[in-house]
Amino acid sequence: MTDQSVDTHRSTPVSDTSAPGAGPDRGGPEFVGRQRELKELRADIERTGLDTLTGRKAPRARVLLIAGRPGSGRTALAEELAGQLRADYPDGTLRARLTDPGGGRVPTERTARELLGALRVPVAPGSAEDQLSEALRGALDGRRVLLVLDDAADAEQVEPLLPDTPDCLVVAVSEGPLTGISDVRPCTLGGLDTKSALELLSGFTGSVRITCDPRAAENLAELCAHQPAALVLAGGWLAARPKASVAELAKQLHNTGDEGAGGGKGSLASLAALSRVLGFVHDGLPGPAARILRLLSLAPAGFADPHTASALAGCSVSAARTTLDDFVALGLLRRAPAPSGLPQYAVPACLLPQLSSLAAAHERPAEVQLARARMLERTVRLLQSCRAVTEPEDSSARRKLAGMPRALRFPTPGAAEEWLRVRHPALLASARLAVADGELDTLARRLMAALTRALVAHYGTGAAAPELYGIHRLVLDVASRRDLPREQAAALLNLADLDASTGRTREALARYREALDVARAAGDPYATGRAMESVGGAYQELGDWPRAADWFGRALAQRLTRGERLDAARLYGRIGTAHTYAGRYGDAVRSWRSAATGYRKAGDVPSHARALSELARVQEYAGRPEECLRACREAVDWAREAGEVRLLAALQVRLADTLERLGDPAAAGLHRAAAERMLGEELNEQGTTPSAYEIRSAPDED
């Protein structure tokens, strides 16, 4: 997303390290003017800095600052400079936008995480801002990367992202100076010179209409305050009306009011000019198209596709797509990277405040809220379709999918995954906006649930963990605000699980305890039991076996009270494991016997066999070979009944080890041969050979 309409380069929240993509496809010139500024910026790269003057090597990357009002072409200039410098920074160009479309600051944590993602550097979900900043600096060490930071609010946003290497270059785009970052000299932009402004207009209208009435063209440029964004809108209007003269447009703009828009100086004049031209273009649109344009101010992250526009305006997808394409030709939108078959569009950032003002002036608040609700509902249905297409053909989800309108269905899982990848920033922004809104919490919760399921279905829990962490935090915000303790407990448990999965065990323990308190207050037995067991698991991970066994015991007592036999048997096993690691073999034996009994009564034959196998192992550790032998033989019988070949082979190996200790090598050899035979048969069926580690560790899998 960019605030400059003549920008030729892709501008997404964070790009990868490849070259920028195609231009905006609106028929105008690619880039005009600003040659003096480009020359100054390139010279500034090699300028001697304060550190060099003192005889020291620069400790970090140089920062070039392009300062200007939105609509002045600041982003386009940054991208043009990046394109010219591409060969000097062979490790690629990274981009990040530091202000969201609504004007809010993008948290440094989110920006750093997205940049690390573009560099394909994995980071733990839930990492703090300073950890992410340090990881980013470490990832950029030794690389020659150009980092474009667009729409920075102040130095505090830029400072944590600066590489600690002079081999990188940072191009920051801001409205004003970045006070606090040393050795930065701003390149401040005003309007285009008259020649460049006319060249920009002629790129849309052709040279004839400009040369036929150069005075009118100069007057039009003056009315646009020589600002590129306003000139592009004027050029788009003229391009759509080949018979209209430049003088006619200048006259109509002059008569629209805002007398100071063209004649004044400075940022107020440029903003008034942009507002005037946009208002004029908006007023000339057909009613339905004008309404779509206004409501695009609600598009998450400033990105829209035909589905978004269709839901906002309550029109068909095909009609919305036609209108969006018309907006591209008018310079109101730009094309963004999109999957095949479903285009995506970006709303220029400089237009968003103006579109919000138009929406406030023309739409009733209830209509705006209804449009937002329709958009969220459509997004939920698309996410449900995105997940359902990954299910088996005969599943209930696929049958439900077949009943959806064709426009909401994805033809293949690949198409759904591509849509999810491209719409990913907008989808996360939708969730954040829905939570911030506060009036659509039910839809927000449905959206986050659907987004979670879609991400897990296509990427898996591990790969999607960073996004899931953010989503669960949003769920927690909604649950806390709406006083929904059950959902609050669930969100805390999910966040703790992600902490635990990435080695942040102490953080996970704190969240599990918090979830336990909330679940108890809510009277939620499921969340209470899960939290108690998870607390035990965290203590086990920390090596505190007595506390682990104690918390597993608390969870077990609840399961027994509720008559949940299988869960009780599993918890007996977890208690047995904790006692085993603590060296309390007698307690471990009793726990594993109880686990085996519980599985047997519940009719779970494979788990019964595994529990007996673990019992045998503990008896072996305790120095009771005869008891180990009996338990092993019993486990073999149950494993054979369950058809568990791997477990059966592992038990044969354990029997062999036990028999050798008891002084019967011949019998031990028979059992080893039996294990090899079983694994050989499995090899013939599956074409794979388990390693010795897999054979011996099979009984540990529970």
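In this note's numbering, the protein residues as written are 1 to 702. Beta carbons are placed, not taken as given, at the ideal position from N, Cα and C, and that holds for glycine. Computed from a predicted model, the values in this text were never measured in an experiment.
key: Identified DSSP bridge partners for Ile-66   = Per DSSP, the beta-bridge partners of Ile-66 are Val-173, Cys-187.
message = Please report the distance separating the alpha-carbon of Leu-333 from that of Pro-343.
response = 12 Å
ask   = If you draw a straight line from the alpha carbon of Pro-163 to that of Arg-110, how long is it in whole angstroms?
value = 17 Å
key: Same chain, Cβ closer than 7 Å to Trp-638, neighbours up to 5 away in sequence not counted   = Answer for Trp-638: Val-605, His-608, Ala-609, Leu-612, listed in chain order.
Span of the beta strand (DSSP E) around Val-148 = 146-152
key: Pairwise C-alpha distance: Gly-529 and Arg-559   = 7 Å
ask   = Tell me which same chain residues have a C-beta within less than 7 Å of the C-beta of Ser-316, skipping the five on either side of it?
value = So the list reads Ser-310, once near-sequence residues are dropped.
inquiry  = Could you compute how far the alpha carbon of Gly-523 sits from the alpha carbon of Asp-394?
reply    = 38 Å
query = Since Cys-632 and Arg-600 are thought to touch, with beta carbons under 8 Å apart, how far apart are those beta carbons, to the nearest angstrom?
reply = The Cβ separation is near 17 Å, so there is no contact.
task = Taking all protein chains shown into account, decide if Gly-669 is buried (16 or more other Cβ within 10 angstroms of its Cβ) or exposed.
result = exposed
ask   = What do you reckon, are the CB atoms on Leu-136 and Leu-81 nearer than 8 Å?
value = no
query = Hey, how far is the Cα of Ala-112 from the Cα of Asp-167?
reply = 19 Å
inquiry  = So for Phe-410, helix, strand or coil by DSSP?
reply    = coil
task = Under the assumption that Ala-519 contacts Ala-508 (Cβ atoms under 8 Å), give the Cβ distance between them as a whole number of angstroms.
result = Their Cβ separation, rounded to whole angstroms, is 16 Å, which puts Ala-519 and Ala-508 out of contact at 8 Å.
key: Per-residue DSSP class, three states only, for Gln-227   = Coil at Gln-227, not helix or strand.
query = Would you call the CB atoms of Trp-592 and Gly-576 closer than 8 Å?
reply = yes
Element boundaries [beta strand (DSSP E), containing Leu-94] = 93-97
ask   = Under a Cβ-count criterion, where at least 16 other Cβ atoms within 10 Å of its own Cβ denotes burial, should Leu-383 be classed as buried or exposed?
value = With 16 or more other Cβ atoms inside 10 Å of its own Cβ, Leu-383 counts as buried.
The stretch 200-220 contacting the stretch 167-185, beta-carbon criterion three pairs below 8 Å = By the Cβ criterion, the stretch 200-220 is not in contact with the stretch 167-185, since fewer than three pairs of Cβ atoms, one from each stretch, lie closer than 8 Å.
query = Hey, Leu-296 and Leu-355: beta-carbon distance below 8 Å or not?
reply = yes
ask   = If you measure from the CB of Gln-558, is any heavy atom of the ligand MN nearer than 7 Å?
value = Among the components of this structure there are no ligands whatsoever, and the ligand MN is therefore not found.
request  = Using only alpha-carbon positions, find the residue among Ala-463, Ala-490, Arg-482, Gly-460 that is nearest to His-472.
outcome  = His-472 has its Cα closest to that of Ala-490, out of Ala-463, Ala-490, Arg-482, Gly-460.
task = Return yes when the Cβ of Gly-33 is within less than 8 Å of the Cβ of Asp-150, no when it is not.
result = A distance of 8 Å or more separates the beta carbons of Asp-150 and Gly-33.
ask   = What is the rounded straight-line gap between the Cα of Pro-177 and the Cα of Tyr-539?
value = 51 Å
task = State the beta-bridge partners of Ala-336 as determined by DSSP.
result = Answer is Gln-344.
key: Per-residue DSSP class, three states only, for Phe-31   = When secondary structure is reduced to three states using DSSP, Phe-31 falls in the coil class, being assigned neither helix nor strand.
inquiry  = Please tell me whether Gly-537 and Cys-350 are closer than 8 Å, where the distance is taken between their beta carbons.
reply    = no
request  = Indicate whether the contact test is met: 3 or more Cβ pairs, each with one atom in the stretch 373-387 and one in the stretch 427-435, closer than 8 Å.
outcome  = yes
Exposure label - Glu-417; buried when at least 16 CB within 10 Å = buried
request  = Report back the beta-carbon spacing between Asp-88 and Arg-185 to the nearest angstrom; my notes put them in contact at under 8 Å.
outcome  = Asp-88 to Arg-185, Cβ: 19 Å. No contact.
ask   = If you follow the alpha helix (DSSP H) that Leu-296 is part of, which residue opens it and which one closes it?
value = Note, Leu-296: premise wrong, no alpha helix (DSSP H); not H, not E.
message = Let me check understanding here. Comparing Cα to Cα, which of Arg-95, Ala-61, Glu-114 lies closest to Asp-141?
response = Nearest Cα to Asp-141 within the set Arg-95, Ala-61, Glu-114: Ala-61.
query = Is the beta carbon of Thr-580 less than 8 Å from the beta carbon of Ala-569?
reply = no
query = If we ignore side chains and look at the alpha-carbon of each, how far apart do His-282 and Ala-496 end up?
reply = 49 Å
task = Could you check the C-alpha separation between Ala-230 and Asp-477 for me, to the nearest Å?
result = 40 Å
request  = Compute the Euclidean distance between the alpha carbons of Ala-336 and Glu-114, then round it to the nearest angstrom.
outcome  = Pairing Ala-336 with Glu-114, the inter-Cα distance amounts to about 18 Å.
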